[in-house]
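Heads up: the sequence shown at position 190 corresponds to 189 in numbering that gives the first Met the number 0, and the numbers run straight through without jumps. Beta carbons: idealized from backbone N, C-alpha and C, even for Gly. Step one of this worksheet: look at the structure below.
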Amino acid sequence: MRVIVVGAGVIGLSAAVRLAEAGYDVGVFARDLPLETTSAVAAAIWYPFLSAPPDRIAGWARTTYAELVELAASVPSVRLRHGREFLTESRPVPYWADVLGDFARVGSPPRGFKDGWSFTTPVVEMPLYLQYLVKRLEAAGGSLTRAALSGLPNSADVVVNCAGLGARLTAGDPTVTPVRGQVLTVEQFGLTDWLIADQSPSDLTYVVPRSNDIVIGGTSQPDSWDLSIRPDTAQAILDRAAVHVPELRQAKIIKHRVGLRPARPAVRCESVRVGEQTVVHCYGHGGSGVTLSWGCADEVLALVKNA
Ligand SMILES: Cc1cc2nc3c(=O)[nH]c(=O)nc-3n(C[C@H](O)[C@H](O)[C@H](O)COP(=O)(O)OP(=O)(O)OC[C@H]3O[C@@H](n4cnc5c(N)ncnc54)[C@H](O)[C@@H]3O)c2cc1C
0 MRVIVVGAGV IGLSAAVRLA EAGYDVGVFA RDLPLETTSA VAAAIWYPFL
50 SAPPDRIAGW ARTTYAELVE LAASVPSVRL RHGREFLTES RPVPYWADVL
100 GDFARVGSPP RGFKDGWSFT TPVVEMPLYL QYLVKRLEAA GGSLTRAALS
150 GLPNSADVVV NCAGLGARLT AGDPTVTPVR GQVLTVEQFG LTDWLIADQS
200 PSDLTYVVPR SNDIVIGGTS QPDSWDLSIR PDTAQAILDR AAVHVPELRQ
250 AKIIKHRVGL RPARPAVRCE SVRVGEQTVV HCYGHGGSGV TLSWGCADEV
300 LALVKNA
């Protein structure tokens, strides 16, 4: 059966891999190739953020965690790393924490913070990981083609719509909106643990070490379409992060990046019938696309099987 997947971010590629490895004839069409997507900008740690509804998120996140832990044993772009999150107010244990084997409260959070927790979670090095997914797709017989579509194609038995923010056009859905995220990367100097220390909902503070660099973030700016790098924002991000990791001040800056998270009141992952064709929508993952990717890919596969 021919399946066209629209979108080559982490959601489209993960779904395409699942479908191709299950024997479907899969073609991925995308305006932006993997390294040009929002997914390539993600930090990216497994951590449910800016996505709903919690009951479905919990299931998708759990499946993805298990899959990423398994991949970490053989795929260099996925690595398990320990880290800490500091909180300005005490919070109940999050609904997703039961997935984590070593989740624990932090004994003495730094000044300005009242609580915190630590755990080990997958860190996914997105530029490398997206290329790994493309290779897996091609090895299973699938293909990837650049194409900016003005609507969903009608030339396949099933179309899977993983257009992220582009679903405003491909699904005519104005409830998908951008949440701007700005980050910078610096040269790695031996940092091993990640850190999150947000003190405001819009000015985030996180530090995520990767093999050869460190991602420092960030921002969470609803309804901003601005893809330009703002130097003052970059300096503020660095200043906030250096409070916790002073070595960041001396580290050489490699790159600045901006991505627009595809936010939606709830992730849309469902199948609809359009004439003779089945359309499976899977978009609106907000700040959790990587965290939910394999759980959603499994659901897409199940929906396509039922088409
Ligand atoms: C700074 C930042 C940090 C983040 N950190 C994390 C993190 O730590 N953990 C985490 O889980 N998530 C994180 N995220 C969120 C994550 O990046 C997104 O949830 C995820 O990238 C969404 O993936 P997607 O495949 O739906 O969309 P995208 O990656 O945006 O891909 C959409 C695809 O659809 C294609 N498309 C759209 N319209 C059309 C069209 N008309 N025709 C053809 N193709 C089209 C695009 O070209 C693209 O290929 C972060 C995001 C940002 C910006």
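Item                                                                                                                  : Value
Other residues of its chain near P200: CB distance less than 7 angstroms, five sequence neighbours each side excluded : S219
CA-to-CA distance, L168 to V175, given in whole angstroms                                                             : 10 angstroms
Run of the beta strand (DSSP E) containing W116, from where it starts to where it stops                               : 114 to 123
Reduced DSSP category for H81 - H, G, I as helix; E, B as strand; rest coil                                           : strand
Paired residues, beta bridge with F28 - DSSP                                                                          : V5, T144
Residue environment, R17, which counts as buried when at least 16 other CB atoms sit within 10 Å                      : buried
Cβ neighbour criterion (16 or more within 10 Å) applied to Q249                                                       : exposed
Straight-line Cα distance separating S13 from A138                                                                    : 14 angstroms
Where the alpha helix (DSSP H) through D238 begins and ends                                                           : 230 to 243
For V178, the nearest candidate out of L70, A196, G283, C161 (CA to CA)                                               : G283
C161 in three-state terms, based on DSSP                                                                              : coil
Nearest neighbour of P33, chosen from S227, G258, V133 [CA to CA]                                                     : V133
Cβ-based neighbour list, G217, same chain, cut-off 7 angstroms, excluding 5 preceding and 5 following                 : G180, Q181, V182, L203, Y205, I236
Rounded separation between Y224 and L259 - CA only                                                                    : The residue asked about is misnamed: residue 224 is Trp in this sequence, not Tyr. Going by the C-alpha atoms only, they are around 7 angstroms apart.
Classification of D222 by the beta-carbon crowding that lies within 10 angstroms, buried from 16 upward               : exposed
Contiguous alpha helix (DSSP H) assignments of at least 4 residues, all confined to the region 179 to 232             : none
Within 9 angstroms, strictly: CB atoms of A60 and W116                                                                : no
Counted within 10 angstroms of its Cβ, other Cβ atoms place D54 as buried (16 or more) or exposed                     : exposed
Simplified DSSP state of K254, which is helix, strand or coil                                                         : strand
heavy atom of ligand 1 below 8 angstroms from D212 C-beta                                                             : no
The alpha helix (DSSP H) enclosing Y64, as first and last residue numbers                                             : 53 to 71
Selection from P208, S210, K254 that minimises the alpha carbon distance to A229                                      : Inspection of the sequence shows that residue 229 is occupied by Arg rather than by Ala. Here the closest residue by C-alpha is K254.
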